[in-house]
Amino acid sequence: MSVFNWSHTSIKQKIGGLFVLLLSFLLCVIVYSSYKIKRIEKEMREVAYLDIPLNQIVRQVEFIELEQHLQFEQFQLERQRGHQARTPHQQLIFQQQKLKNLLDRAVMLIAENLHSHKIVLDEQDHQDVMRAIERYAEQSAVFEQHLAQVFNRQSLSEAERANMEAMAKALEYAENTILQQLRDMTSNDALYTEQHEEDFLLVSFLLGLCAVVLGLLLTVYIVRAILQRIQRIKGEIKTLNTSLDHGEAFAVEVAEQVKTNDELAELEHDIKVVMSRLAQEITCREQIEKQLLTLATQDKLTGAYNRHKWDEQIEMQLGLAQRGGYSFGLIVLDVDYFKQVNDQFGHQVGDQLLQQLVKQLQQRIRATDTLFRLGGEEFAILLPMQDIDTTYTLAETLRAQMEALQLDGLPAFTISLGVTCYQPMDNETAIFRRADMALYRAKAQGRNCVVQQLVEE
């Protein structure tokens, strides 16, 4: 599972990857702990098998050194008094021999551990201690020979006494140096061991902390990735529901499907595909509805609204007017001698004439006015917010323009128009009958004229 396609992995793989990562950190902690424990164990063995015995030897050497110092002082006192007793000398030699034996034990102990590779800390320091002990042994042998020679004499000169004291001090200094080296070496071993323990605890804590922090970060990332997918899916479903509730079309961008193991990504893509198809279906349905509405409300030949639309619009205008403070005008017209046009020029020319009539009328009325074809060559125009005078003026203008109109391929024609306006207590039948009666009177007056009527006769 690559880091680069982490976002395309399945939920199971995400959680499994997190689990593997945490186990890897745990394994690192275990391996590091094992390594450190073995390292500390070796150091503790060195402390147990070497440093502790060396410490015991150091304490014994210090005790013997003290006894040796006392014996040497006693020897000097005896020599000054002229006594010939050999006991102090013998005791001094005996203590010196004990000291040499202890130091030999220390050398053997260090050499044995060096040979068996049990010393892991400050190997060079141990070798330096061995060489210092060997030099001390040589100095001690020289001192014993000199001491034996001095003891056999009856008297000592000041120079010999000073030389012997200098040799004793040098030997004592060498002993103290060796003891200090042993102390430093054992204390350093303990310090190193303690430092390793602290490092072990610190690194273990840091590894554990890194595992916890990284685990939390990855957990938050996985949860956020899942929640973001879910929120997007919920948003798309909400958009779909809103569009369905309002019956509106909606745009859905469907990206090319990327090969992925993420179940939520696949679900999101599938939902987008379904929504895209549904959007196409809604768009097609709206187009079909518009076409059906056009067929249901518009005249197929001329494009003007038909009688079905007339019934709807006249009812709406009457409802507005009956609420008060509103009026509208109505013009009913037809083409003069239209039957003769059909008989003389043919129905095709008659149809073209009606089409041009509707086109010319629509260009000359307001956008709020509505033109209807009620049947044959009869048309009606509804004029919202117009009184009888403005309605009559528009009707006269239309009549004059149609009379003056010259169209290629079509004969000249005129129109007759009946005009009325809304009156209180009007209904659809009453207002249309007045306009129709006005049209009838216009035809009776010779056609190509406008007649208005506000009351029924």
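Note that the numbering used here has the sequence shown beginning at 939, numbered continuously upward. Where a beta carbon is used, it is the ideal one built from N, C-alpha and C, also for glycine.
To the nearest angstrom, how far is the alpha carbon of residue i from that of residue j?
i: Q1282; j: V1296; result: 21 Å
i: T1180; j: G1284; result: 54 Å
i: Q1300; j: L1165; result: 57 Å
i: A1338; j: N1386; result: 9 Å
i: M1102; j: Q1065; result: 30 Å
i: G954; j: L1129; result: 43 Å
i: I1226; j: L1233; result: 10 Å
i: K1277; j: T1177; result: 57 Å
i: R1304; j: E1174; result: 43 Å
i: L1154; j: L961; result: 14 Å
i: V1067; j: L1147; result: 43 Å
i: L1344; j: V1211; result: For clarity, residue 1344 is Gln in the given sequence; the question names Leu instead. Whole-angstrom Cα-Cα distance: 57 Å.
i: A1023; j: A1100; result: Annotation note: pLDDT 44 at A1023 (below 50); position unreliable, coordinate value reported separately. Between A1023 and A1100, the C-alpha separation is close to 22 Å.
i: I1366; j: L1216; result: According to the sequence displayed, residue 1366 carries Glu and not Ile. Cα to Cα, the separation comes out at about 42 Å.
i: M1363; j: Q1260; result: 8 Å
i: L930; j: L1392; result: In the structure displayed, the chain extends from 939 to 1395; residue 930 sits before or after that span and is not available.
i: Q1133; j: S971; result: 15 Å
i: V1158; j: S1214; result: 32 Å
i: D1063; j: E1113; result: 16 Å
i: K1228; j: C1222; result: 10 Å
i: D1237; j: L1312; result: 9 Å
i: K976; j: I1048; result: 22 Å
i: A1108; j: R1121; result: 20 Å
i: F957; j: R1162; result: 17 Å
i: T1331; j: I1220; result: 46 Å
Residue i and residue j: beta carbons closer than 8 Å?
i: L917; j: T1240; result: Absent from the model: residue 917. The displayed extent of the chain is 939 to 1395, so no value can be given.
i: A1373; j: G1356; result: yes
i: E1316; j: D1272; result: yes
i: L1266; j: L1309; result: One detail in the question is off: residue 1266 reads as Phe in this sequence, not Leu. Result no, Cβ atoms of F1266 and L1309 do not sit closer than 8 Å.
i: T1358; j: A1333; result: no
i: V967; j: S1142; result: yes
i: I1353; j: Y1360; result: no
i: L1041; j: A1097; result: no
i: N1382; j: V1388; result: Strictly speaking, residue 1382 in this sequence is Ala, with Asn absent from that position. It is not a contact, given that the beta carbons lie outside the stated cut-off.
i: T1329; j: I1252; result: no
i: A1070; j: T1115; result: yes
i: L1336; j: R1302; result: yes
i: I1326; j: Q1286; result: no
i: L1152; j: L959; result: yes
For residue i, which beta-bridge partners are listed by DSSP?
i: L1332; result: Answer is none; L1332 lacks a bridge partner.
i: G1313; result: E1316
i: F1266; result: P1322
i: L1355; result: L1271 and V1388
i: Q1428; result: Residue 1428 lies beyond the residue range present for the chain, which begins at 939 and ends at 1395; the question has no answer from this structure.
i: Y1243; result: Q1236 and F1310
What residues in its chain sit with their C-beta under 7 Å from that of residue i, if we drop five residues either side in the sequence?
i: M1105; result: F1081 and H1084
i: E1349; result: First, the amino acid is wrong: residue 1349 is Pro here, not Glu. For P1349, where only same-chain residues beyond five positions count, the Cβ hits under 7 Å are V1279 and F1283.
i: T1235; result: Y1243, N1244, H1246 and K1247
i: L1256; result: D1364, N1365 and E1366
Do we get a CB-CB distance below 8 Å when we pair residue i with the residues of chain C?
i: V1273; result: In the structure shown, chain C does not exist; there is a single protein chain.
Looking only at its own chain, which residues have a Cβ that is under 8 Å from the Cβ of residue i, when we skip the five neighbours before and after it?
i: D1307; result: I1319, L1320, L1321 and P1322
i: E1136; result: none
i: Q1298; result: Q1339, M1340 and L1343
i: L1145; result: F963, C966, V967 and Y970
i: D1274; result: F1351, T1352, I1353, S1354, K1381, R1385 and N1386
i: H1021; result: Below a pLDDT of 50, predicted positions are generally treated as unreliable, and H1021, at 49, falls in that range; the measurement from the model is reported next regardless. Here the set comprises nothing.
(request) Quick one: which unbroken beta strand (DSSP E) runs of 3-plus residues sit fully inside the segment 1278–1314? Chain order, please. (result) If we require 3 residues or more, the beta strand (DSSP E) runs fully inside the segment 1278–1314 come out as 1308–1313.
(message) Please give the ranges of any alpha helix (DSSP H) in the segment 1113–1166, keeping only runs that are unbroken, at least 4 residues long and fully inside the region.
(response) No alpha helix (DSSP H) of 4 residues or more sits fully in the segment 1113–1166.
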